[in-house]
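Remarks on the structure that follows.
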Amino acid sequence: MNKRKQPKGSTEKLWYVIPALILTGLITFLLISNLEQLTWTNFRKGLNSDLLIFLAIGIFAQLVDGTMGMGYGATSTSFLLAFGVPPVASSMAVHVAEMFSTGASALSHFKYKNVNKKLVMNLLIPGVMGSVVGAYVLTDIIDGKAIKPFIACYMIILALLIIRKGLKSNIKKKKVKRLQPLALFGGFMDAVGGGGWGPIVTSSLMGKGRDPRYTIGSVNTTEFGVAFASGITFILFEGINHWQIIIGLVIGGIIAAPVAASVVHKIPRKPMTLVVGVLLILLSLRTIIFG
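Our numbering numbers the first residue of the sequence shown as 86 and each following residue consecutively.
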């Protein structure tokens, strides 16, 4: 009996070890490849009010995402666009930051046993494929300035989707079919729009009556792979810049991830859903009107 249980324990550890190793490797790579920028002068330049704003955005976005299973990209992208950050820079910063925040979120959700491993494995590969294609399209094919108002419109649609799904109650559980196409589409739209994985995938699964706790935990865990794939694609085609935004989002996300995972089933979701949805609509309308 002990021999049969041992591999299971080893498999459980991999869910902690793999994200930790990937994040460690990513940090090492970023430090080595950007040594010339890591000077005291640049560090002092980055310590201003803007960094605190990006830090606050990172904390708020991760709290929303970790407790609702959606909204990190939509929330942070909407705030960044409203703050005047270009679409490509915004999406790149959000996805590079998500490589860290979703890693912390995945570890936290697994710690609190909010993860359905089978669901994660079904969503992971198509989600990664969609995110890579979306990141390539945004960096190499589409003009960021031209697509900015369309992204804002897309954010409004996501916000309405978040509100509609969040207000539903007593949803009967139905078998979810075509998980792979859902993940592929979610990954693509997430990379192109700077958000959408959660609103598209989480809302679709919960709309079919899936358990909120395991849906949120599993989709957040899968998002680590999706964000990592799109983030690497952005790095390869765009390089790393806008460090101030990335650092603020990363630190904010890492701070908020464990808190969100621990209270995912305690926070009243309907009031929070309404607040987040209305906020995203207002931010997106501001982007459309004022550019």
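Don't be surprised by glycine CBs; every beta carbon is placed ideally from N, CA and C.
Inset, instruction - Tell me whether Gly-110 is buried or exposed, calling it buried when 16 or more other Cβ atoms sit within 10 Å of its Cβ. - result: exposed
Legend entry - Cut-off 6 Å between Cβ atoms - residues of its own chain near Lys-88, not counting five sequence neighbours on either side: For Lys-88, the predicted structure reports a pLDDT of 43, less than 50, and the residue's modelled location is therefore unreliable. The matter cannot be settled from this model.
Inset, instruction - Report yes if the C-beta distance between Gly-271 and Ile-285 is below 8 Å; otherwise report no. - result: yes
Inset, instruction - Evaluate Gly-169 with the Cβ neighbour count: other Cβ atoms within 10 Å of its Cβ, from every protein chain shown; 16 or more gives buried, anything less gives exposed. - result: exposed
Inset, instruction - Could you check what DSSP says for Asp-296 in three-state terms: helix, strand or coil? - result: Looking at Asp-296 - three-state DSSP - the assignment turns out to be coil, as it is neither helix nor strand.
Inset, instruction - Specify the secondary structure class of His-327 as computed by DSSP and reduced to three states. - result: coil
Legend entry - Proximity test, Leu-321 beta-carbon vs the ligand GDP heavy atom, cut-off 7 Å: The model depicted lacks the ligand GDP and carries no ligand whatsoever.
Legend entry - Segment contact flag, the region 327-339 with the region 173-182, C-beta cutoff 8 Å, min 3 pairs: yes
Legend entry - CB contact check: Val-173 to chain D, cutoff 8 Å: The chain inventory of the structure shown lacks chain D, comprising one protein chain alone.
Legend entry - Check whether Asn-315 and Gly-219 have beta carbons under 8 Å apart: The sequence given here has Ser at residue 315, not Asn. Yes, these two residues count as a Cβ contact at 8 Å.
Legend entry - Burial state of Thr-113, where buried means 16 or more other Cβ atoms lie within 10 Å: exposed
Inset, instruction - Confirm, please, whether the CB-CB distance from Val-311 to Gly-377 is below 8 Å. - result: With the chain covering 86 to 376 only, the question about residue 377 has no answer from this structure.
Legend entry - Chain-order list of residues whose beta-carbon lies under 8 Å from that of Thr-318 (same chain, five-residue window excluded): Excluding the 5 residues flanking it on each side, Thr-318 has same chain C-beta neighbours closer than 8 Å at Ser-216, Val-217, Ala-220, Tyr-221, Thr-224, Ala-276, in chain order.
Inset, instruction - Report yes if the CB atom of Gly-337 is closer than 8 Å to the CB atom of Gly-151, and no otherwise. - result: no
Inset, instruction - Could you tell me which of Thr-307, Leu-321, Tyr-299 sits nearest to Ala-191, measuring between CA atoms? - result: Thr-307
Inset, instruction - Could you tell me whether the Cβ atoms of Leu-359 and Ala-244 are closer together than 8 Å? - result: no
Legend entry - Exposed unless 16 or more other CB atoms sit within 10 angstroms - verdict on Ala-141: exposed
Legend entry - Ile-142 - DSSP class collapsed to helix/strand/coil: helix
Inset, instruction - Using alpha carbons as the reference points, say which of Ala-341, Ile-374, Phe-309, Val-363 lies closest to Glu-183. - result: Phe-309
Inset, instruction - Closer than 8 Å by C-beta to Leu-148: which residues in its own chain qualify, once you throw out the five before and the five after it? Chain order, please. - result: Ala-341, Val-344, Ala-345
Inset, instruction - Can you grab the Cα-Cα spacing for the pair Arg-298 / Tyr-197, in whole Å? - result: When rounded, the distance between both Cα atoms is 10 Å.
Inset, instruction - Tell me, to the nearest whole angstrom, how far the beta carbon of Ser-303 is from that of Val-205; I am working on the premise that it is less than 8 Å. - result: 5 Å
Legend entry - C-beta atoms of Phe-313 and Ile-107 nearer than 8 Å: yes
Legend entry - Local Cβ density within 10 Å of Val-181, reported as buried at 16 or more and exposed below that: Burial call: buried.
Inset, instruction - Go ahead and label Leu-209 buried or exposed: buried means 16 or more other beta carbons lie within 10 angstroms of its beta carbon, across all protein chains shown. - result: buried
Legend entry - Phe-168 - DSSP class collapsed to helix/strand/coil: coil
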